[in-house]
Each structure stands twice: as C-alpha cells, then as structure tokens.
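Have a look at the structure below, then the notes.
Numbering (my numbering), first residue to last: 286 to 543.
The structure is reproduced here in structure tokens:
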C-alpha cells in the first residue's frame, strides 16, 4: 500500500500488477510508465510488464498476482479511502475469480476502510461480484471508466453490479459522451489527460456531464484539466489546476463517514 497524490483517494493497494489495452482511454495510461520505472528500480513484481513501442511504453499483456500484498490493508488501522489496483484492473480476464474472492475477503475484514475499484471491464465485474457475494459490502465502491461516447455501454454493465456505491470515471475525457443515463450511479469523476502526449479536453464535454449530474442528483468531482487547459493551451497539470466554473468541485457520494 502507498500514499498517493490522486485527488479522490488516500492510498493505493495493488494485489495485481500489469494489464492490457482495452480502449482509447488506455493509450497513454500512467500505470504503464510507472510500471517501467518500478521495474528499473528493481521491483520484481513489475518485471516484464511493459515494452517499448515507438516512442511509448506499453503493456506486454503480462498480469501478475501478488498474494503477499493481500494482507496489507489489515495492518492499516486508521480509516482510509483506498484505490484498489491503480496499477492494473482487478477484473482483467487473467485474474481468476478465486483471487478476486480473496480481495473481497480482505475488504470484508476491514470495514474501517472504504475501497474504490475501477474497471474497464464492468461486464466481467458484474458476473464475478454476483458470484462471490450475496450482499454488497457497504465499504466497497465499484466503478467503470468512460472516456467518450464509444464506451458508454459500460454504464449499463455497471448498473448490473451489486454495489453500495457505483461511480464513473470520465477520465481521461477525450471526447463527448453525449446524453447518458445515470440512474443507479452515485458519483462522477471528470478529468483531462496529463503527460507530453496528452489529448486535449474541451470545456463543453465537461459541461454536458456536469449538467447531467445536477439533473440526475449525482455527486460531481472535477479532478483536473490535465495538460490542456480550458483555453486550449498546453501547460503543466499544476499550472492548469482544478478549477472549473470558478471553483473546485470535490463532491463525494453520500455514504457512511469517510
């Protein structure tokens, strides 16, 4: 487990490492570059997870289970919001259902924490979660990534998942999502892409999501403009900041004390 600078969580926990490209939102995934760095630092867990492709670092498709990290949250007594698998996807097809069950058991045994699990494979999430639990854990939030209108079908899959909190990460937002049905969704995170190859974000795309969140009573969290600001100029993530419509939006879903 590690402290993190991700604005909507407190710490990360990675019982799985490695992934594979699923859709356009994965193209410049920060985890690919991070895995490369961790391998260079001698961390065996990340060895062979990435390769060079032109001027980019990309996943090799190797997915590694880390049994030794499963008990890490048990040692954290202070309540935290924990992003599960920031370096992978717990519902990747190479992660066995019984291993997901072990992760669920740890979360069940640590009710002081709130766990946030994000996937680009909500169809598999729905199938597995229905198999491993009868009643949703109140401290587990389940979400999916939606980067543009090409993958809004993921929202329907997410709605099938038994969960106390369902959320959508519209990040990196690389296109309009159009009109979306947010019934059964409790939280939306919106953010632009960061890094030297970042694709621009348009304020109109954020507007349409924000307005639909207001209309459908969904908590709205604006994470970042990323490398491209609202004036369509390229700057550092820090320089572009987090203000949208003149304020910082840090709304969280209604749940037990965080």
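C-beta: ideal position from N, C-alpha, C; glycine also. In this text the structure is predicted, and so the values were computed from the model without any measurement.
Problem set entry | Nearest neighbour of residue 426, chosen from 446, 318 and 477 [CA to CA] | 446
Exercise. Alpha carbon to alpha carbon, how far is residue 321 from residue 331?
Worked result: 7 Å
For this session: Please report how far the alpha carbon of residue 543 lies from the alpha carbon of residue 488, in whole angstroms.
Result: With a pLDDT of 46 at residue 543, under the threshold of 50, the modelled position of this residue cannot be trusted; read the value that follows with caution. Answer to the nearest angstrom: the Cα atoms are 30 Å apart.
Exercise. Alpha carbon to alpha carbon, what distance is there between residue 328 and residue 493?
Worked result: 42 Å
Exercise. For residue 376 versus residue 326, is the C-beta spacing smaller than 7 Å?
Worked result: no
Exercise. Thinking just about the alpha-carbon of each residue, which of 466, 396 and 352 is nearest to the one in residue 365?
Worked result: 396
Exercise. Which residues in the same chain have their Cβ closer than 7 Å to the Cβ of residue 514, if we skip the five residues on either side of it in sequence?
Worked result: 520 and 525
Exercise. Run through DSSP, which three-state label would residue 283 get?
Worked result: Given that the chain is displayed from residue 286 to residue 543, the structure contains no residue 283 and the question cannot be resolved.
Exercise. Which residues in the same chain have their Cβ closer than 8 Å to the Cβ of residue 530, if we skip the five residues on either side of it in sequence?
Worked result: The residues are 495.
For this session: Measure how close the beta-carbons of residue 522 and residue 509 come, nearest whole angstrom, since I'm counting them as under 8 Å.
Result: 6 Å
For this session: Go ahead and label residue 541 buried or exposed: buried means 16 or more other beta carbons lie within 10 angstroms of its beta carbon, across all protein chains shown.
Result: With a pLDDT of 48 at residue 541, under the threshold of 50, the predicted position of this residue should be treated as unreliable, and no value is reported.
For this session: Mind the definition here: the region 416-426 touches the region 293-305 only if three or more C-beta pairs lie below 8 Å; say whether that holds.
Result: no
For this session: Return the first residue and the last residue of the beta strand (DSSP E) that residue 501 is part of.
Result: Element bounds for residue 501: n/a, residue is neither H nor E.
For this session: For residue 313, collect the residues of the same chain with a Cβ closer than 8 Å to its Cβ; drop the 5 residues on either side in sequence, then sort them by chain order.
Result: 341, 457, 478, 480, 482, 483 and 484
For this session: Please name the residue in 337, 486 and 442 whose C-alpha comes closest to that of residue 467.
Result: 442
Exercise. What do you reckon, is the C-beta of residue 458 under 6 Å from a heavy atom of the ligand MG?
Worked result: The ligand MG is absent from the structure shown, which contains no ligand whatsoever.
Problem set entry | residue 243, enclosing alpha helix (DSSP H) - first and last residue | Residue 243 lies beyond the range of the chain shown here (286 to 543); nothing can be said about it.
Exercise. Under a Cβ-count criterion, where at least 16 other Cβ atoms within 10 Å of its own Cβ denotes burial, should residue 346 be classed as buried or exposed?
Worked result: By the neighbour-count rule (16 or more Cβ atoms within 10 Å), residue 346 is not buried but exposed.
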